[in-house]
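Trainee: In the numbering used here, the protein residues as written are 725 to 848.
So that we are looking at the same thing, I have put the structure below in structure tokens.
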């Protein structure tokens, strides 16, 4: 898997899961996700994200809705699968200490699209 890192904070603005998934658009639109959440910011949005993490896999739309508008994953992984029965993730979004997002993907074309969608990301 190739990996890039994106700073989660832009001044006082946090790029949350909803914004990140929206930025990635069709790359993640049809995926199902396993959530391994270690810590989220307190509040109703955090509680919705934690509730989703108790499900086996959830669709991208459900994740976006649960994390809207300001869901902050402090530490955790979102593993996206192309096929609901797939064993290996297609893409992994990892929240690192609420400061960065590490993004890994198996498809070199997707990696290129990520670099275009997230131009201030760096190879990690």
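Beta carbons are placed, not taken as given, at the ideal position from N, Cα and C, and that holds for glycine.
Would you tell me roughly how many angstroms separate the C-alpha atoms of residue 801 and residue 762, rounded to the nearest one?
Mentor: Counting from 1 along the chain shown, the entry for residue 801 is found at position 77. Counting from 1 along the chain shown, the entry for residue 762 is found at position 38. About 8 angstroms.
Trainee: In the DSSP output, which residue or residues are listed as bridge partners for residue 759?
Mentor: Within the chain shown, residue 759 is the residue found at index 35, counting from 1. Looking at the DSSP assignment, residue 759 forms a beta bridge with 802.
Trainee: Assign residue 771 to buried or exposed, taking buried as 16 or more other Cβ atoms, counted over all protein chains shown, within 10 Å of its Cβ.
Mentor: Residue 771 sits at position 47 when you count from the first residue of the chain shown. Result: exposed.
Trainee: Spatial neighbours of residue 756 within its chain, please: C-beta separation below 7 angstroms, excluding the five flanking residues on both sides.
Mentor: Working through the chain shown from its first residue, we reach residue 756 at position 32. Cβ within range, chain order: 781, 782, 783, 805, 808.
Trainee: Is residue 781 helix, strand or coil by DSSP?
Mentor: Here residue 781 refers to the residue found at position 57 when the chain shown is read from its first residue. In this structure, residue 781 counts as coil in the three-state DSSP scheme.
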